[in-house]
Every structure is written in C-alpha cells, then in structure tokens.
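>
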Amino acid sequence: MSDQSQVLDASARLLKAIDAGDWDAYAKLCDPGITCFEPEARGNLVAGMPFHKYYFDLPSSGTPRQSSIATPVVRLMGDVAVVCYVRLVQKLDAQGQPVTAAMEETRVWQKQSGEWKHVHFHRSPC
Ligand code: GLY
Numbered sequence: 005m006s007d008q009s010q011v012l013d014a015s016a017r018l019l020k021a022i023d024a025g026d027w028d029a030y031a032k033l034c035d036p037g038i039t040c041f042e043p044e045a046r047g048n049l050v051a052g053m054p055f056h057k058y059y060f061d062l063p064s065s066g067t068p069r070q071s072s073i074a075t076p077v078v079r080l081m082g083d084v085a086v087v088c089y090v091r092l093v094q095k096l097d098a099q100g101q102p103v104t105a106a107m108e109e110t111r112v113w114q115k116q117s118g119e120w121k122h123v124h125f126h127r128s129p130c
C-alpha cells in the first residue's frame, strides 16, 4: 500500500473509531501529544488525549452513526502527511430522523517507527 493510501486508510479508521466510540482504536492511531482546534474547544488549542477521552467515556446514545470522507486531498512531505476533506456524518436527530452533518477537516499525520500517527487536526462545521 502506498503512503498516500496508508494515510487515507488511517484517516478512515480514525473516523470509524470515533463513530463507534472505540477509545482503544482511536488512541492507537494518535500521538499522545496530539494538538487540535475543534468546535468543542471553543477557539482554544487543545493538546493531549484527555480532552478527547471525555467524549469516548460518555454513555453511548445507542444510535448508529457513520462518517464518509468526501473528496480527500493528501499531501506527503517526507514523514509528514496532511489530509484535507469534508466529513459527512450520518446520524439520527432527536425525532429519530436521519440527518447528515458536514465538517471541514484537516488532519496531520507523522510516520513514527513505520506507523502513521495522528499529530494534529482542525475541524470546522461547513
Ligand atoms: N474529536 C476527535 C477527533 O475529531 O479526532
């Protein structure tokens, strides 16, 4: 598998872990010092894993959720890769009707000892 395919595959597995609430799978893909900007952080740069674990520790809603990566662009720069795409999230609203949310995501990966680790991301609603 090419580096580009590996990074796209890692990105898809990351989103699958988030949708499934699978902390172990998520943590395995991330560098412990990961940084991010995301709506939940209210404009602050968050560093480390505990902020993210909070959401995985919440009780499951029990409703299905599925993310798709739309029109990804991958840029490789040595052992670093930047992946940009729109993430489509299918889920149920409060009335149980299916809805789709869209997020702009930029995710940065670094190859560490032969494995791609997630080191930074920026997530904004479209
Ligand atoms: N909120 C966790 C993530 O998007 O990676």
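Numbering (my numbering), first residue to last: 5 to 130. Glycine is no exception: its CB is placed at the ideal position from the N, C-alpha and C atoms.
(1) Provide the residue(s) that pair with S6 in DSSP beta bridges, ordered along the chain.
(2) Any contact between the region 66-84 and the region 20-35? By contact I mean 3 or more CB pairs, one from each, below 8 Å.
(3) Should the region 29-43 be called in touch with the region 109-129, which here means at least 3 C-beta pairs below 8 Å?
(4) Between P102 and C88, is the Cβ-Cβ spacing less than 8 Å?
(5) Taking a contact to mean a Cβ-Cβ separation below 8 Å, would you say L33 touches L12 in this structure?
(6) Is the beta carbon of V86 less than 8 Å from the beta carbon of T110?
Looking at the atomic coordinates:
(1) Along the sequence shown, one-based indexing puts residue 6 at 2. Paired residues: none, contrary to the question.
(2) yes
(3) yes
(4) Counting from one through the sequence shown, the residue named residue 102 turns up at place 98. Counting from one through the sequence shown, the residue named residue 88 turns up at place 84. For P102 and C88, no; Cβs fall outside 8 Å.
(5) In the sequence shown, the residue the question calls residue 33 occupies position 29. In the sequence shown, the residue the question calls residue 12 occupies position 8. No; because the gap between Cβ atoms is not below 8 Å, this pair is not in contact.
(6) The count along the sequence shown starts at 1 and reaches residue 86 at position 82. The count along the sequence shown starts at 1 and reaches residue 110 at position 106. Result yes, Cβ atoms of V86 and T110 sit closer than 8 Å.
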